[in-house]
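Q:
In the numbering used here, the protein residues as written are 1317 to 1877.
What follows is the structure, given as structure tokens:
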């Protein structure tokens, strides 16, 4: 989360407590020291000292993960100012209060504050205030899954910061790097995060640099470079420990636990999970609670095979994630929940419905209260009927294919029998020359080989979910963890199947489909234009092309032209 801590200094501040303000500013990233100076300010009688005292104590509670307490102290600070009186100070307090609301799950209230701040900044023609508002709005759009809008807001904020307040751009670079990481643009994300970390250190902001290193560690885990990920995590632990930054420590322990989970080290996974849960006060930070619930669910299923506990924890995590409107963070949870239900031996057909509908907006509210597979089945009865119909179509298609294969086999056998009987007749009559016998054997061999090469022209592909897909309707395929999404020409929503890109690529005609990215396969019939880093499909969809596939894509398209 982006949180800026600026104390306003002016002639109205008394020299009697100026040293307290200086102490709070210098220790703004150390919750204990910050609370100490804040409480000393609260012993003063001057209204400005009280304002900054309440704010300092509130921010110290935020860094400890105590969101509800931070909001109360921010409210107290607002009693000593208003926007007409001290606009910059007022905006700073309500911005930090909105961030706390966001982490508590009150997203609508946070959005309202940020949008009001943006309108005020535009009216005041204040570029820095506008940049601060755009940065937070961009972050909320990212959590909603609106990546294009998020990138637009963050880049606009970054441009304003570069021109008017270079130190302020660190948080925006951090958020932009995180966004590109979520989009699997790992190299681009790492470049921005490294630049943000270096900028933070140049402004003597080690905690901000640590947050950048944390996100770099997440990127390296995504590409299975766990050693590199752990190096960055161990690099930032001393920073958070020395500052007693609770939120930073919880996130670091969480990521260390995830890395050990990836490497199948049960003891270390549960050790760091326990450290994170111990530090995160229950009910204070809804975001971290949801993250740790999901982490515990994964560990319980993987190491203890405790399916029911994994299901319960995942449902809790989904509920908390949806309360915060973090739509983009629900996808991995639904995928995991689907796997857990399968391991529990629940209705396979209902799980197919869960996978098919997990990304629909109208299902998100419903899944807040998902407890049993029966409820899912009842909710999506119409969808289940559709899948049953598809299943029957698949059976019919397989029957037709089997009949065709059987026909070819029967013809081949009949020919073989005919040749063989003819051979026996000629042999018995002793009029068959040796050369003719050899010729007959050769024909039999060729016939056998041709039989094994008989293939039915591929027009369809059958998914593991038993859905039958027409090859010519596939526009492109996207990888999504243990699932793939198949985007069709005649459907708005993709078909979802449990498979990998490598697995599905082996089943597709190589002359019609090509992999252009580690997350994408494209049907060449739907390609409209090809650029250096992306492909434009006929409907305007943009598909990323990675450097490792670029040369192969160029050669393939030239050969197909």
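The beta-carbon is built from N, C-alpha and C at its ideal position, and this holds for glycine as well.
All values derive from a computational prediction rather than experimental measurement.
1. Compare the C-alpha of residue 1571 against each of 1397, 1547, 1560, 1559 and name the closest.
2. Pick out whichever of 1564, 1594, 1836, 1623 has its Cα sitting closest to the Cα of residue 1662.
3. Answer with buried or exposed for residue 1847, where buried requires no fewer than 16 other C-beta atoms within 10 angstroms of its C-beta.
4. Within 10 angstroms of the Cβ of residue 1507, are there 16 or more other Cβ atoms? Answer buried if so, exposed if not.
5. Look at the alpha carbon of residue 1575 and the alpha carbon of residue 1831, and state the distance between them as a whole number of angstroms.
6. Which partner residues of residue 1836 appear in the DSSP bridge assignment?
7. Give the C-beta separation of residue 1473 and residue 1450 to the nearest angstrom, bearing in mind that I take them to be a contact with Cβ-Cβ under 8 Å.
8. Should residue 1415 and residue 1393 be called a contact, given that it needs their Cβ atoms to be closer than 8 Å?
9. Provide the residue span of the alpha helix (DSSP H) that contains residue 1512, from first to last.
10. Could you please give the first and the last residue of the uninterrupted alpha helix (DSSP H) stretch that includes residue 1858?
11. Over the uninterrupted beta strand (DSSP E) stretch that includes residue 1802, give me the two end residues.
12. Less than 8 Å between the beta carbons of residue 1614 and residue 1577, yes or no?
13. Could you give the uninterrupted runs of the alpha helix (DSSP H) lying entirely in the stretch 1324-1395, keeping only those of 4 residues or more?
14. So, with DSSP's three-state summary, where would you put residue 1580?
15. With DSSP collapsed to three states, give me the class of residue 1416.
16. Given a cut-off of 8 Å on the beta-carbon distance, is the pair residue 1509 and residue 1495 in contact?
17. Assuming residue 1842 is part of the alpha helix (DSSP H), what are its boundary residues?
18. Starting from residue 1820 and walking both ways along the beta strand (DSSP E), at which residues does that stretch end?
19. Could you give the uninterrupted runs of the alpha helix (DSSP H) lying entirely in the stretch 1601-1636, keeping only those of 4 residues or more?
20. Helix or strand or just coil, what does DSSP make of residue 1828?
21. Tell me, to the nearest whole angstrom, how far the beta carbon of residue 1530 is from that of residue 1568; I am working on the premise that it is less than 8 Å.
22. Any idea which residues DSSP pairs residue 1813 with across the strands?
23. Identify every residue that forms a DSSP beta bridge with residue 1852.
24. Assign residue 1646 to one of three DSSP states: helix, strand, or coil.
25. Relative to the C-alpha of residue 1391, which residue among 1484, 1787, 1417, 1811 is closest?
26. Please classify residue 1557 as buried or exposed, where buried requires at least 16 other C-beta atoms within 10 Å of its C-beta.
27. What is the DSSP secondary structure of residue 1397, reduced to helix, strand or coil?
28. Taking contact to mean 3 or more Cβ pairs, one atom from each stretch, closer than 8 Å, check whether the stretch 1475-1489 and the stretch 1437-1454 are in contact.
29. What are the start and end residues of the beta strand (DSSP E) that includes residue 1906?
30. Could you give the distance in angstroms between the alpha-carbon of residue 1780 and the alpha-carbon of residue 1803?
31. With which residues is residue 1586 paired in a DSSP beta bridge?
32. Going by DSSP, which residues form a beta bridge with residue 1430?
33. For residue 1563, which three-state DSSP category applies?
34. Give me the DSSP bridge partner(s) of residue 1778.
A: The structure says:
1. Here residue 1571 refers to the residue found at position 255 when the chain shown is read from its first residue. Cα-wise, what sits closest to residue 1571 is 1547.
2. By one-based count along the chain shown, residue 1662 stands at place 346. Nearest option by C-alpha distance: 1623.
3. Translated into positions along the chain shown, residue 1847 becomes position 531. So residue 1847 ends up on the exposed side.
4. Within the chain shown, numbered from 1, the residue matching residue 1507 stands at position 191. When all chains shown are included, residue 1507 counts as exposed.
5. Position 259 of the chain shown, counting from 1, holds the residue named residue 1575. Position 515 of the chain shown, counting from 1, holds the residue named residue 1831. Going from the Cα of residue 1575 to the Cα of residue 1831 covers about 29 Å.
6. Along the chain shown, read from residue 1 onward, the residue named residue 1836 stands at position 520. Paired residue(s): 1794, 1833.
7. The count along the chain shown starts at 1 and reaches residue 1473 at position 157. The count along the chain shown starts at 1 and reaches residue 1450 at position 134. That belief holds up - the Cβ atoms of residue 1473 and residue 1450 are roughly 4 Å apart, short of 8 Å.
8. Here the question's residue 1415 lines up with position 99 in the chain shown. Here the question's residue 1393 lines up with position 77 in the chain shown. No; because the gap between Cβ atoms is not below 8 Å, this pair is not in contact.
9. Within the chain shown, residue 1512 is the residue found at index 196, counting from 1. Note, residue 1512: alpha helix (DSSP H), 1502-1518.
10. Within the chain shown, residue 1858 is the residue found at index 542, counting from 1. It is not in any alpha helix (DSSP H) - residue 1858 instead sits in the beta strand (DSSP E) that spans 1858-1860.
11. Position 486 of the chain shown, counting from 1, holds the residue named residue 1802. Per DSSP, residue 1802 belongs to the beta strand (DSSP E) from 1799-1804.
12. By 1-based counting over the chain shown, the position of residue 1614 is 298. By 1-based counting over the chain shown, the position of residue 1577 is 261. A contact, by the Cβ cut-off of 8 Å.
13. 1334-1342, 1347-1357, 1363-1379, 1383-1394
14. Position 264 of the chain shown, counted from the start, is the residue given in the question as residue 1580. DSSP places residue 1580 in coil when its eight states are reduced to three.
15. Your numbering for residue 1416 matches position 100 in the chain shown. Of the three classes helix, strand and coil, the one that applies to residue 1416 here is helix, per DSSP.
16. On the chain shown, position 193 is the one that residue 1509 refers to. On the chain shown, position 179 is the one that residue 1495 refers to. No. Outside cutoff.
17. For the purposes of this step, residue 1842 is taken as residue 526 along the chain shown, with counting starting at 1. Careful: residue 1842 lies outside any alpha helix (DSSP H) and carries neither H nor E.
18. Locating residue 1820 in the chain shown gives position 504, counting from the first residue. No beta strand (DSSP E) holds residue 1820; the alpha helix (DSSP H) holding it covers 1817-1821.
19. 1602-1619
20. Indexing the chain shown from 1 puts residue 1828 at position 512. Coil at residue 1828, not helix or strand.
21. Looking up residue 1530 in the chain shown gives position 214. Looking up residue 1568 in the chain shown gives position 252. Contact flag correct, Cβ pair sits at about 7 Å.
22. As a first step, residue 1813 is located in the chain shown; it is residue number 497 there, counting from the start. Answer by DSSP bridge pairing, in chain order: 1800.
23. On the chain shown, residue 1852 is found 536 positions in, with the first residue counted as 1. DSSP output for residue 1852 lists 1845, 1858 as bridge partner(s).
24. Position 330 of the chain shown, counted from the first residue, corresponds to residue 1646. Note: residue 1646 maps to helix in three-state DSSP.
25. The residue given as residue 1391 occupies position 75 in the chain shown. That would be 1417, whose Cα lies nearest to the Cα of residue 1391.
26. Start at 1 with the first residue of the chain shown, and residue 1557 comes out as number 241. Label assigned to residue 1557: exposed.
27. For this step, residue 1397 is matched to residue 81 along the chain shown. DSSP places residue 1397 in coil when its eight states are reduced to three.
28. yes
29. Residue 1906 is absent from the structure shown; the chain starts at 1317 and stops at 1877.
30. Taking the chain shown and counting its residues from 1, one reaches residue 1780 at position 464. Taking the chain shown and counting its residues from 1, one reaches residue 1803 at position 487. Cα to Cα, the separation comes out at about 16 Å.
31. The sequence position of residue 1586 within the chain shown is 270, counting from 1. In the DSSP output, where bridge partners are listed per residue, residue 1586 has none listed.
32. Walking along the chain shown from the start, residue 1430 turns up at place 114. Paired residues: none, contrary to the question.
33. Locating residue 1563 in the chain shown gives position 247, where the first residue counts as 1. Residue 1563: helix per DSSP, three-state reduction.
34. Within the chain shown, residue 1778 is the residue found at index 462, counting from 1. Residue 1778 pairs with 1784.
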